[in-house]
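343 is the number that this note's numbering gives to position 343 of the sequence shown; each next residue is one higher, with no gaps.
Ideal Cβ placement from N, Cα and C applies to all residues, glycine included.
Keep in mind the model is a prediction, meaning the values are calculated, not measured.
Presented below is the structure to which this report refers.
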Amino acid sequence: MTATGTTRRRRAKVPSPPGADGETWYRTVFDHASVGIARVAPDGRFLEVNDRFCEIVGYARAQLMAGNFQQITHLDDLEADVANVARLLRGEAQSYAMQKRYLRPDGEGVWVALHVAVVRNAAGDPTDFVSVVEDISAIKRSERMLLDYSTRLEELSRRLLSVQEDERRALARELHDEIGQQLAALKLNLEALRRRYSALAGEPRLTDALGILDQTMGRIGNAALDLRPSMLDDLGLAAALRSYARRQEARAGCVIAVVGTVRGRLPEQVETAAFRIAQEAVRNAIVHAAPTRIEVRLALEIGSLVVTVRDDGRGFDADKEAATPRATGVGMLGMRERAELIGGTLEITSALGKGTIVSARLPR
1 MTATGTTRRR RAKVPSPPGA DGETWYRTVF DHASVGIARV APDGRFLEVN DRFCEIVGYA
61 RAQLMAGNFQ QITHLDDLEA DVANVARLLR GEAQSYAMQK RYLRPDGEGV WVALHVAVVR
121 NAAGDPTDFV SVVEDISAIK RSERMLLDYS TRLEELSRRL LSVQEDERRA LARELHDEIG
181 QQLAALKLNL EALRRRYSAL AGEPRLTDAL GILDQTMGRI GNAALDLRPS MLDDLGLAAA
241 LRSYARRQEA RAGCVIAVVG TVRGRLPEQV ETAAFRIAQE AVRNAIVHAA PTRIEVRLAL
301 EIGSLVVTVR DDGRGFDADK EAATPRATGV GMLGMRERAE LIGGTLEITS ALGKGTIVSA
361 RLPR
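Next comes the structure, spelled out in structure tokens:
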């Protein structure tokens, strides 16, 4: 204690490694490091390498010391590596990091995470580089496997959507051509019986049966159109969307307008994706947003078809939706997947009380 009652704190001194001078300490770290370390001259020649570096690149120390890093660097990575070295030599940076491949003696590439720092003398001139190398081949193999799985999953998704559309087309045709025509024939027979037998003219059960037939035929027709509108195959996207909008408008009691057109035909997968995205966006708006107006806009831009569905409904909190998806989240996911599977993008913008905008940009 001092006279004033305060205590003086002494700064702890970090001891040097017992029994080791600076050179011994350096050699221990260099030789026994779990990562590859190399000292490299400004022209790329190896000056010093540790055992782990030799293990990673697959060369004996004598072989490396007789060459340079350029000789064992994969050609696809050499330009970027040399450019980074040039930046260090020009004094534009003190270090750099990159992922690159070295070529082993058998021609196999090994991925590494490379960290390089420049060493300068008292005059500021570069004398050598210190390179630290970590083998990341296992990580790269895992990334490759994940990419392969993702590619296969995308292909399976595309095939699934294609099969679904084929099944929808076949089912819609069967509903319209088979069941629809049979019901129409049944109605004609009942009406013929009513005309032939005057006693049946006022039969309430016959009138009720004919009314049920009309309702059933209407529902089957709508179901067939919702499954796969023949107009989409025969007349194209704009005509199919206008037909769909008219039918939904009658059901929903709100205005549904289709603005813009598409001259000529687009690839089937593009027209199908655009129709399904618009269909899902309109359905979501009707079911969840209570809009008074929905606008479907078609626009052809350079290389792209842009489909925008805008409603004036209640909207939703987009940030909260991203964190806790509602029941409509599955529909939104489906729209996004349809767009991405053909190389497109989908954006959804919404705010409480300000409606929702769904915009898909699809390659033509």
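State yes or no: is the C-beta of G355 within less than 8 angstroms of the C-beta of D317? No, Cβ-Cβ distance for G355 and D317 is not below 8 angstroms.
Alpha carbon to alpha carbon, how far is E301 from R173? Whole-angstrom Cα-Cα distance: 34 angstroms.
CB-CB under 6 angstroms to E271, same chain, minus the five flanking residues each way: which ones, in chain order? Excluding sequence positions up to five before and after E271, its CB lies within less than 6 angstroms of the CB of L237, all in the same chain and listed in chain order.
In chain order, what residues of the same chain have a beta carbon less than 6 angstroms from the beta carbon of G180, not counting five sequence neighbours either side? Within the same chain, and ignoring the five residues on either side of G180 in sequence, the residues whose Cβ sits closer than 6 angstroms to its Cβ are I220.
For a minimum of 3 consecutive residues, which ranges assigned as the beta strand (DSSP E) are wholly contained in the region 142-168? Runs found: none.
For the beta strand (DSSP E) that E301 lies in, which residues bound it at each end? Following the DSSP letters along the chain, one finds E301 inside the beta strand (DSSP E) bounded by residues 293-301.
Among Y244, G264, V116, whose alpha-carbon lies nearest the alpha-carbon of F275? Nearest of Y244, G264, V116 to F275, Cα basis: Y244.
Who pairs with M98 in a beta bridge, going by DSSP? Paired residue(s): L114.
Pull up the distance between the alpha-carbon of A113 and that of A41, whole angstroms please. Going from the Cα of A113 to the Cα of A41 covers about 20 angstroms.
Note down, in chain order, each residue of its chain lying with its Cβ closer than 8 angstroms to the Cβ of C254, except the 5 sequence neighbours on either side. Within its own chain, the residues whose Cβ lies closer than 8 angstroms to the Cβ of C254, once the five positions on either side in sequence are excluded, are I286, P291, T292, R293, I294, listed in chain order.
Report yes if the C-beta of A239 is less than 7 angstroms from at least one heavy atom of the ligand SAH; otherwise report no. The ligand SAH is not among the ligands present in this structure, which contains no ligands whatsoever.
Count the other C-beta atoms from every protein chain shown that fall within 10 angstroms of the C-beta of Y102, then say buried if there are 16 or more, exposed otherwise. A residue is called buried once 16 or more other Cβ atoms fall within 10 Å of its Cβ, and Y102 is buried on that count.
For R228, which three-state DSSP category applies? R228: coil per DSSP, three-state reduction.
What do you reckon, are the CB atoms on S359 and V306 nearer than 8 angstroms? In contact: S359 and V306 (Cβ atoms closer than 8 angstroms).
Check whether the region 134-144 touches the region 185-204, counting contact only when three or more Cβ pairs, one atom from each stretch, lie closer than 8 angstroms. Output reads no: the region 185-204 does not touch the region 134-144.
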